[in-house]
Amino acid sequence: MTARVLIVDDHASFRSLARRLLVAEGFDVVGEAGDAADAFDAVRCLAPDVVLLDIRLPDLDGFGVAEVLAGGDAAPAVVLVSSRARDDYGRRVDTSPARGFIAKDDLSGEALRRVLGDVG
């Protein structure tokens, strides 16, 4: 199965880079969103398997978005990303409903598959 991915990040340049990288490594990127509101709409419309979710968004942080998504029907797997290190967020990553965390500099298809396990 090819995972259907939604990329959520407020920087268009990162979304474009992540899309190219993930498509080249066999993922089906079904959409992009620049903030939480657009992410919620995109999840409803596109029904992705995976949401690659930036922690720092302009309207609601990624932890809040992950909480809302986890409470929905057929919730996608959420993988948090950030330009900051995982340790900068303390235990918030571990206590969030997200499947895991990948630093933006470490994003690759292999890293995403490793975090996703059976979904990717």
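When we follow the UniProt record's numbering, the leftmost residue of the sequence shown carries the number 1, and every step to the right adds one. Using N, Cα and C, we set each Cβ at its ideal position, and we do this for glycine too.
Legend entry - Sequence-distant residues of the same chain with beta carbon closer than 6 Å to G100, five excluded per side: Apart from the 5 residues on each side of it in sequence, G100 sits with its Cβ closer than 6 Å to the Cβ of V79 and V115 in its chain, given in chain order.
Legend entry - CA nearest to the CA of D73, picked from G90, T95, D88 and D49: Of the candidates G90, T95, D88 and D49, D49 places its Cα closest to the Cα of D73.
Legend entry - CB of L57 within 7 Å of CB of D10, strictly: For L57 and D10, yes; Cβs fall inside 7 Å.
Inset, instruction - Answer with buried or exposed for V65, where buried requires no fewer than 16 other C-beta atoms within 10 angstroms of its C-beta. - result: By the 10 Å Cβ count, V65 comes out buried.
Inset, instruction - Under the assumption that L60 contacts A36 (Cβ atoms under 8 Å), give the Cβ distance between them as a whole number of angstroms. - result: Confirmed, Cβ separation roughly 4 Å.
Inset, instruction - Leaving aside the five residues before and after A33 along the sequence, list all residues of the same chain whose C-beta is less than 6 Å from its C-beta, in chain order. - result: Taken in chain order, the residues that qualify are V8, A39 and A42.
Legend entry - Check: A75 C-beta below 6 Å from any heavy atom of the ligand NAP: The ligand NAP is absent from the structure shown, which contains no ligand whatsoever.
Legend entry - Cα-Cα separation between G62 and P97, rounded to whole angstroms: Rounded to whole angstroms, the gap between the alpha carbons of G62 and P97 is 11 Å.
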